[in-house]
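Novice: In our numbering, the protein residues as written are 126 to 570.
For each residue, glycine too, the CB sits at the ideal point set by N, CA and C.
My questions all concern the structure below.
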Amino acid sequence: MTTPTQHAEQLSTTTLLRFATAGSVDDGKSTLVGRLLHDSKSVLTDQLEAVEHASRSRGQEAPDLALLTDGLRAEREQGITIDVAYRYFATPRRRFILADTPGHVQYTRNMVTGASTAELAVVLVDARNGVVEQTRRHAAVAALLRVPHVVLAVNKMDLVDYAEPVFAGIAEEFTAYAASLGVPEITTIPISALAGDNVVEPSSHMDWYGGPTVLEHLETVPVSHDLTACHARFPVQYVIRPQTAEHPDYRGYAGQIAAGAFRVGEAVTVLPSGRTSTVTAIDALGESVDIAWAPQSVTIRLADDIDISRGDLIAPADDAPPVTRDVEATVCHVADQALTVGQRVLLKHTTRTVKAIVKDIPSRLTLDDLSQHPAPGRLVANDIGRVVVRTAEPLALDAYADSRRTGSFLLIDPADGTTLTAGMAGASFAAVAEAAATDDAEWNF
126 MTTPTQHAEQ LSTTTLLRFA TAGSVDDGKS TLVGRLLHDS KSVLTDQLEA VEHASRSRGQ
186 EAPDLALLTD GLRAEREQGI TIDVAYRYFA TPRRRFILAD TPGHVQYTRN MVTGASTAEL
246 AVVLVDARNG VVEQTRRHAA VAALLRVPHV VLAVNKMDLV DYAEPVFAGI AEEFTAYAAS
306 LGVPEITTIP ISALAGDNVV EPSSHMDWYG GPTVLEHLET VPVSHDLTAC HARFPVQYVI
366 RPQTAEHPDY RGYAGQIAAG AFRVGEAVTV LPSGRTSTVT AIDALGESVD IAWAPQSVTI
426 RLADDIDISR GDLIAPADDA PPVTRDVEAT VCHVADQALT VGQRVLLKHT TRTVKAIVKD
486 IPSRLTLDDL SQHPAPGRLV ANDIGRVVVR TAEPLALDAY ADSRRTGSFL LIDPADGTTL
546 TAGMAGASFA AVAEAAATDD AEWNF
């Protein structure tokens, strides 16, 4: 029997995978998540007893595993997922952070939240319905957010007599569509979340399928957390000036390294001012270190007294991002109120928030054929489109294709602080998809 100490040591040596589930309404996302948790022995006894009690009160003989994730009262009453439910579980091979996202069209914006930090997306399809518009929408969102691994789980195979031709047809259609979006890796798995086929244990009903189960794929898919290979970026969060007798001249710039690594003696540029200096010291957890890397929280000290404040970005002098006031980006609109040309907003990028105005909305994406609907004039909730934003102050902004962390931003309503839009700076969706289709390299950043 594994002791608590051995279990802790085991977890410390396993890798972490962040993944999200998505799909259309009633495709069985929450049931799949519940089955994963139940069959991998990641459900506490009192949780399972509560689910069994709730299921009996609704007249169900077997426990409804979807209730393990659908925690809101409205979700239980309607039998749908409304908000993103995060679950944490682990196996001997890997740790997981799971985001169960809604299937309704009006909650597509919730998927953006759940998938924004995901390294893998599980898109569910009902074997009886095949690929529908919401399936395409979720695949497009995963591609826009550059989720490097996509799994198509064809669910409810028990309701189509576990027929291989049904699975093959759906897999072929989805794979072609996802490939046109530029998704670098697509894995297709036939499952029955309700019966447990190919979720944790291999199915005895589909001997024609020789691939991994969902959990086996989640445990073995390659995951790279090497942010040190990315462009080094350090958004300043706070300026530390003790001005005490012990530290009369101490001036440090505190924050979390967004990507890459910084070294003592390295020449750096402070943006947006463009002033240059040299790293003289790096303080981490109260001690001086020679090197620090993402995602460590550190304090960096520089050789020169430069006017630096919250929102400034420190980057290597020979690898600094461009500074601009004109931001072109692909966005997913998440607010109920529309985004219109001429609208005044706040743009939040890393630790910096500046005033801005929406100069243009050149196009809106049509998901059926990936065409661009020109000049829509506005974006409404769940729309994906292109925007051009003019900021009052310059920003040091990477392309999202280069960095998910410093290439993303939010547009915020200055009146009440409501988040309006999630943005991804740089090339258009079509350009990104075209480039990915001709590039064998994986998305790894």
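Identify which residue in Phe-214, Leu-245, Ala-445, Asp-432 has its Cα closest to the Cα of Ala-392.
Specialist: Counting from 1 along the sequence shown, the entry for residue 392 is found at position 267. The candidate whose alpha carbon is nearest that of Ala-392 is Ala-445.
Novice: When DSSP labels each residue in this structure, what does Arg-160 get in the three-state scheme?
Specialist: Counting from 1 along the sequence shown, the entry for residue 160 is found at position 35. Helix.
Novice: Can you list, in chain order, the residues of its chain whose CB lies under 8 Å from that of Arg-503, leaving out five sequence neighbours each side?
Specialist: As a working note, residue 503 is residue 378 in the sequence shown. Cβ within range, chain order: Ala-463, Leu-464, Thr-465, Val-466, Ile-486.
Novice: Per DSSP, what kind of secondary structure is Ser-402 in: helix, strand or coil?
Specialist: Looking up residue 402 in the sequence shown gives position 277. The answer is strand: DSSP assigns Ser-402 an E or B state.
Novice: Hey, out of Ser-241, Ser-328, Ala-145, whose CA is closest to Tyr-211's CA?
Specialist: As a first step, residue 211 must be located in the sequence shown, where it is residue number 86. For Tyr-211, the nearest C-alpha among the options comes from Ala-145.
Novice: Spell out whether any CB of chain B is found under 7 Å from the CB atom of Asp-225.
Specialist: The structure shown contains no chain B, having only a single protein chain.
Novice: Assess, as a yes-or-no matter, whether the region 304-314 is touched by the region 270-286 under the definition of 3 or more beta carbon pairs within less than 8 Å.
Specialist: Yes, since at least three Cβ pairs between the region 270-286 and the region 304-314 fall closer than 8 Å, the two stretches touch.
Novice: Quick check: the Cα distance between Val-324 and Ser-317, rounded to an integer number of angstroms?
Specialist: Here the question's residue 324 lines up with position 199 in the sequence shown. Here the question's residue 317 lines up with position 192 in the sequence shown. In a straight line, the C-alpha of Val-324 is about 7 Å away from that of Ser-317.
Novice: Could you check whether the region 375-395 touches the region 417-430, counting it as contact only if at least three pairs of C-beta atoms, one from each stretch, sit closer than 8 Å?
Specialist: Flag = yes, the region 375-395 and the region 417-430 touch.
Novice: Throw me the rounded Cβ distance for the Asp-251 and Asp-151 pair, which I believe falls under 8 Å.
Specialist: Stepping through the sequence shown from its first residue, residue 251 is reached at position 126. Stepping through the sequence shown from its first residue, residue 151 is reached at position 26. Contact holds; Cβ gap of about 7 Å.
Novice: Where do the N-terminal and C-terminal ends of the beta strand (DSSP E) with Tyr-302 fall, by residue?
Specialist: For this step, residue 302 is matched to residue 177 along the sequence shown. Note, Tyr-302: premise wrong, no beta strand (DSSP E); alpha helix (DSSP H) at 289-306.
Novice: Where does Asp-461 sit, in a helix, a strand or coil, going by DSSP?
Specialist: Position 336 of the sequence shown holds residue 461. If DSSP states are grouped into helix, strand and coil, Asp-461 belongs with coil.
Novice: With a threshold of 6 Å on Cβ separation, who are the neighbours of Gln-468 within its own chain once the five nearest residues in sequence on each side are excluded?
Specialist: The residue given as residue 468 occupies position 343 in the sequence shown. Val-483, listed in sequence order.
Novice: Put Asp-283 into one of helix, strand or coil per three-state DSSP.
Specialist: For this step, residue 283 is matched to residue 158 along the sequence shown. If DSSP states are grouped into helix, strand and coil, Asp-283 belongs with the helices.
Novice: Return the chain-ordered ranges of every beta strand (DSSP E) run that is complete within the region 223-267 and spans a minimum of 3 residues.
Specialist: DSSP runs (the beta strand (DSSP E)) wholly in the region 223-267: 245-251.
Novice: Within the region 323-375, note down every full beta strand (DSSP E) run reaching 3 residues or more, in order along the chain.
Specialist: Segments of the beta strand (DSSP E) lying fully in the region 323-375: 363-365.
Novice: DSSP beta-bridge partners for Leu-410?
Specialist: Along the sequence shown, read from residue 1 onward, the residue named residue 410 stands at position 285. In the DSSP output, where bridge partners are listed per residue, Leu-410 has none listed.
Novice: Suppose you measure from the CA of Leu-197 to the CA of Gly-159; what does that come to, to the nearest Å?
Specialist: By 1-based counting over the sequence shown, the position of residue 197 is 72. By 1-based counting over the sequence shown, the position of residue 159 is 34. Since pLDDT at Leu-197 reaches only 40, below the 50 mark, its modelled position is unreliable, and no value is offered.
Novice: Quick one: give me the first and last residue of the beta strand (DSSP E) that Ile-486 is part of.
Specialist: As a working mapping, residue 486 is identified with position 361 in the sequence shown. Run containing Ile-486: 477-491, per the beta strand (DSSP E) assignment.
Novice: From Lys-166 to Phe-214, what distance separates their C-alpha atoms?
Specialist: Counting from 1 along the sequence shown, the entry for residue 166 is found at position 41. Counting from 1 along the sequence shown, the entry for residue 214 is found at position 89. Each residue's alpha carbon lies about 9 Å from the other.
Novice: What is the DSSP secondary structure of Leu-269, counted as helix, strand or coil?
Specialist: Position 144 of the sequence shown, counted from the first residue, corresponds to residue 269. DSSP places Leu-269 in helix when its eight states are reduced to three.
Novice: Sort out for me which residues DSSP pairs Asp-451 with in a bridge.
Specialist: The residue labelled residue 451 in the question sits at position 326 within the sequence shown. Looking at the DSSP assignment, Asp-451 forms a beta bridge with Arg-515.
Novice: Is the distance from the Cβ of Val-448 to the Cβ of Pro-519 below 7 Å?
Specialist: Numbered from its first residue, the sequence shown carries residue 448 at position 323. Numbered from its first residue, the sequence shown carries residue 519 at position 394. For Val-448 and Pro-519, yes; Cβs fall inside 7 Å.
Novice: Tell me the residue span of the beta strand (DSSP E) that contains Ser-496.
Specialist: On the sequence shown, residue 496 is found 371 positions in, with the first residue counted as 1. Note, Ser-496: beta strand (DSSP E), 496-499.
Novice: What separation, rounded to the nearest whole angstrom, lies between the Cα atoms of Val-291 and Ala-540?
Specialist: The residue labelled residue 291 in the question sits at position 166 within the sequence shown. The residue labelled residue 540 in the question sits at position 415 within the sequence shown. Using only the alpha carbons, I get a separation of about 51 Å.
Novice: Ignore the nearest five residues each way along the sequence and tell me which others in Asp-415's own chain have a CB closer than 6 Å to its CB.
Specialist: Locating residue 415 in the sequence shown gives position 290, counting from the first residue. For Asp-415, where only same-chain residues beyond five positions count, the Cβ hits under 6 Å are Val-389.
Novice: Under 7 Å, do Arg-477 and Gly-436 count as touching if we go by C-beta distance?
Specialist: Locating residue 477 in the sequence shown gives position 352, counting from the first residue. Locating residue 436 in the sequence shown gives position 311, counting from the first residue. Result yes, Cβ atoms of Arg-477 and Gly-436 sit closer than 7 Å.
Novice: So, Gly-336 versus Leu-249, is the Cβ gap smaller than 7 Å?
Specialist: Position 211 of the sequence shown, counting from 1, holds the residue named residue 336. Position 124 of the sequence shown, counting from 1, holds the residue named residue 249. No; because the gap between Cβ atoms is not below 7 Å, this pair is not in contact.
Novice: When you compare the region 546-553 with the region 524-534, are there three or more beta-carbon pairs, one atom per stretch, that lie closer than 8 Å?
Specialist: Yes: at least three Cβ pairs fall under 8 Å.
Novice: Tell me the rounded alpha-carbon separation between Glu-289 and Ala-303.
Specialist: Numbered from its first residue, the sequence shown carries residue 289 at position 164. Numbered from its first residue, the sequence shown carries residue 303 at position 178. If you take the alpha carbons of Glu-289 and Ala-303, they lie about 21 Å apart.
Novice: Just the Cα atoms here: how many angstroms apart are Thr-156 and Asn-507?
Specialist: Counted from its first residue, the sequence shown places residue 156 at position 31. Counted from its first residue, the sequence shown places residue 507 at position 382. Thr-156 and Asn-507: Cα-Cα distance of roughly 25 Å.
Novice: Just the C-alpha distance for Pro-499 and Thr-531, rounded to the nearest angstrom, thanks.
Specialist: For the purposes of this step, residue 499 is taken as the residue at position 374 of the sequence shown. For the purposes of this step, residue 531 is taken as the residue at position 406 of the sequence shown. Going by the C-alpha atoms only, they are around 28 Å apart.
Novice: Okay, do the region 237-244 and the region 357-374 touch, 3+ Cβ pairs below 8 Å being the bar?
Specialist: The region 237-244 vs the region 357-374: no contact.
Novice: Looking only at its chain, what residues have a beta carbon closer than 6 Å to the beta carbon of Thr-403, apart from the 5 residues adjacent to it on each side?
Specialist: Numbered from its first residue, the sequence shown carries residue 403 at position 278. Hits under 6 Å: Ala-392, Ala-428.
Novice: Taking the alpha-carbon of Glu-298 as reference, which of Ser-434, Trp-418, Arg-261 has the nearest alpha-carbon?
Specialist: Counting from 1 along the sequence shown, the entry for residue 298 is found at position 173. Nearest C-alpha to Glu-298: Arg-261.
Novice: Going by DSSP, what residue range makes up the beta strand (DSSP E) through Leu-545?
Specialist: Residue mapping note: residue 545 aligns to position 420 of the sequence shown, counting from 1. Note, Leu-545: beta strand (DSSP E), 544-550.
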